[in-house]
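Working notes, beginning with the structure itself.
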Amino acid sequence: MAFSFYIYYRINPSRAAECELRVQELFDAVRKATGVSGQLMRKRGESNLWMEIYLNIPDDAKFDWELAEAVGRLNVQEFLMPGTPRHVEVFEH
């Protein structure tokens, strides 16, 4: 069994460029720790709604821990709209 993570959130539009750089740092950290590459998407017609996608993850618990650690260390939350969280959805296949 494998898992796919879909994480969506609303960014502060005035910090979009900074946020994109930070997300790339996040992808680098996650790839180094887990071997899994992420992909960034933006919602059509709503450019401040972003989604990170990580596919075909064999160990969801390890990945979840490594992702949370990197998100905290890189302070990704500072780029989100005030009072809004990152929503994490995990699907198995």
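To convert, count from 1 in the sequence shown and add 36; that's our numbering.
In this text, a Cβ means the ideal position worked out from N, Cα and C, and glycines have one as well.
Since this is a predicted model, take the numbers as computed values, not measurements.
For G119, the number of other beta carbons within 10 angstroms of its own is below 16, and it is reported as exposed. Looking only at M87, R80, K98, the smallest Cα-Cα distance to F39 is reached by K98.
Annotation for R46: the continuous beta strand (DSSP E) segment containing it runs 39 to 46. Secondary structure note for F63: its alpha helix (DSSP H) is the uninterrupted segment 52 to 70. Between the stretch 99 to 114 and the stretch 76 to 84, the count of C-beta pairs closer than 8 Å stays below three; the two stretches do not touch. One alpha carbon belongs to V72, the other to E125, and they sit about 16 Å apart. Within the same chain, A38, F39, S40, F41, T70, V72, F99 come within 8 Å of I93 by CB-CB distance, once the 5 residues on both sides are set aside. Under the DSSP definition of a beta bridge, E125 partners with Y42. Taking K68 as the centre and dropping the five residues before and after it, the same chain places no C-beta closer than 8 Å to its C-beta.
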